[in-house]
Amino acid sequence: MTDVYDLALLDLDGVVYIGAEAVPGAATSLQRARAAGMHLAFVTNNASRPPASVAKHLSQLGIEAEPHEVVTSAQAAAGLLARDLPPASPVFVIGEPGLEDALVEHGLVPTSDIDAEPVAVVSGYHPDLRWRTVIDGAILVRRGLPWVASNTDATVPTPHGSGPGNGVLVRAVAEFADCQPRVAGKPEPPLFSESIERVGGQKPLVVGDRLDTDIAGAHRCDLDSLLVLTGVTGLGELIAAPPELRPTYIAADLSGLHTAHPGVQSRAIR
């Protein structure tokens, strides 16, 4: 597949690593992909960690990664706002430093002060989020300020099992404010577009383990996709999936990047 696609848009958890460990063989498969000339983008809905932190984590797992190759939903969210707002606009943040860093990178000013006259609101996951911040952000959204959510993930992994994700917060604010946010993360297109723009490539391939985010997002962006079976999706779920959740290709793991797939035809960016 590396002779057909020039960019792999790689999900992380369940594809590159599982918990604190790299997926067996992932480092070797990705190194081979680089050697074949494929660009790699590590694409994550997690808005809490800045790219440098993610790249360091990957390097510690033996996977070569540079900060500019990591693209987060925080960056995609900040990019959406930056296209609509004047430079140096104050943006109210409901979330972690990853969102704040992304706003600064895009020339915006993060704030958690409702009296700082913010002109927009951005929200993302934060395990230690203050309820006062949620209240103030929800009030601003209810007043009509533009609102961008980094993602609507229903759950997040914890040492004790799945916990409520950013999607739970989004639903709470949406119910109070009677409006819905623009969503930057998968399965919506902005994160994919941001990744392609940052890393480069004309023939992208989405690589993931989730039908509802990775594969659904590929369909929405008219991109080909490879589902790996190292994560949450099993064969039963795959067989039962409707057309809009079916991948272009299936592989046991990332070694599928180097496997010949019958009738491979790429979709170049138009």
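Note that the numbering used here has the sequence shown beginning at 799, numbered continuously upward. For every residue, glycine included, the Cβ atom is placed at its ideal position computed from N, Cα and C. Computed from a prediction, not measured in an experiment: that's the story for all the values here.
- GLN1063 (DSSP reduced to helix, strand or coil): Confidence at GLN1063 is low in this model, with a pLDDT of 48, below 50, so its placement is unreliable and the value that follows should be read with caution. Three-state result, GLN1063: coil.
- Whole runs of the beta strand (DSSP E) within the segment 885–930, excluding any shorter than 3 residues: Correct list: 888–892, 907–909 and 918–921.
- Hey, out of LEU828, MET836 and ASN843, whose CA is closest to GLU992's CA? That would be ASN843, whose Cα lies nearest to the Cα of GLU992.
- Task: Keeping to the same chain, check which residues put their C-beta closer than 6 Å to that of MET799; ignore five residues upstream and five downstream.
- Result: Cβ neighbours of MET799 beyond the five flanking positions: LEU1055.
- What residues are listed by DSSP as bridge partners for GLU862? In DSSP, GLU862 forms no bridge with anything.
- Message: Am I right that ALA820 and ILE861 are in contact with their C-beta atoms under 8 Å? What's the rounded C-beta distance?
- Response: Yes, ALA820 and ILE861 are in contact; Cβ-Cβ is about 6 Å, under 8 Å.
- Assign ASP1022 to one of three DSSP states: helix, strand, or coil. If DSSP states are grouped into helix, strand and coil, ASP1022 belongs with the strands.
- In chain order, what residues of the same chain have a beta carbon less than 8 Å from the beta carbon of ALA936, not counting five sequence neighbours either side? Excluding residues within five positions, the ones whose Cβ falls inside 8 Å are ALA970, VAL971, PHE974 and ALA975.
- Query: The alpha helix (DSSP H) with SER1039 in it runs from where to where?
  - Reply: A small correction: the amino acid at residue 1039 is Ala; Ser does not occupy that position in the sequence shown. From DSSP, ALA1039 is part of no alpha helix (DSSP H); its letter is neither H nor E.
- Item | Assigned secondary structure, SER857 (DSSP; H/G/I helix, E/B strand, else coil) | Of the three classes helix, strand and coil, the one that applies to SER857 here is helix, per DSSP.
- Task: With distances taken Cα to Cα, identify the nearest neighbour of ALA952 among GLY959, GLY965, GLN858 and SER857.
- Result: Measuring from the Cα of ALA952, the nearest candidate turns out to be GLY965.
- Message: I need the straight-line Cα distance from ILE1048 to VAL841, nearest angstrom please.
- Response: Approximately 19 Å, taken between the alpha carbons.
- Should PRO955 be labelled buried (16 or more other beta-carbon atoms within 10 Å of its own) or exposed? PRO955 should be labelled exposed.
- Taking the alpha helix (DSSP H) that THR826 falls in, what are its first and last residues? Counting along the chain, the alpha helix (DSSP H) containing THR826 begins and ends at 824–833.
- Item | Length-filtered (3 minimum) beta strand (DSSP E) runs lying within the segment 956–1002 | Runs found: 959–962.
- Query: If ALA853 sits next to LEU808, beta carbons under 8 Å apart, how far is it from one beta carbon to the other, in whole angstroms?
  - Reply: Going by Cβ atoms, the distance from ALA853 to LEU808 rounds to 13 Å, so no, they are not a contact pair.
- Query: Considering only C-alpha positions, which residue in the set GLU1035, VAL920, GLY922 and ASP801 is nearest to MET836?
  - Reply: Among GLU1035, VAL920, GLY922 and ASP801, the Cα nearest to that of MET836 belongs to ASP801.
- Please state whether DSSP places THR801 in a helix, a strand or coil. One detail in the question is off: residue 801 reads as Asp in this sequence, not Thr. Three-state result, ASP801: coil.
- Task: Would you tell me roughly how many angstroms separate the C-alpha atoms of GLN1063 and SER910, rounded to the nearest one?
- Result: Low confidence applies here, because GLN1063 scores a pLDDT of 48, under 50, leaving its location unreliable and the question unanswered by this model.
- Task: Pull up the DSSP beta-bridge partners for GLY1006, would you.
- Result: Answer by DSSP bridge pairing, in chain order: LEU1025.
- Closest to THR870 by CA distance: which of PRO849, SER857 and LEU856 is it? Minimum Cα distance to THR870 is reached at PRO849.
- Whole-angstrom Cβ separation of VAL1004 and GLY1015, contact assumed at under 8 Å? Sure, about 7 Å apart at Cβ, within 8 Å.
- Query: Does the distance from the CB of SER948 to the CB of GLY983 come in under 7 Å?
  - Reply: A distance below 7 Å separates the beta carbons of SER948 and GLY983.
- How big is the Cα-Cα spacing for GLU1035 and PRO979? Here the C-alpha atom of GLU1035 lies approximately 29 Å from the C-alpha atom of PRO979.
- Query: With 16 other CB atoms within 10 Å as the buried threshold, where does ALA1058 fall?
  - Reply: Counting the other Cβ atoms within 10 Å of the Cβ of ALA1058 gives fewer than 16, which makes it exposed.
- Kindly indicate which three-state DSSP category THR870 falls into: helix, strand or coil? Strand.
- Leaving out five residues on either side along the sequence, give the residues of the same chain with a beta carbon under 7 Å from the beta carbon of SER1053. So the qualifying residues of the chain are GLY823 and SER827.
- Look at the Cβ atom of ALA875, then the Cβ atom of HIS904, and state whether they are nearer than 7 Å. For ALA875 and HIS904, no; Cβs fall outside 7 Å.
- Query: Beta-carbon separation of ALA900 and ALA863 under 7 Å?
  - Reply: Going by C-beta atoms, ALA900 is not nearer than 7 Å to ALA863.
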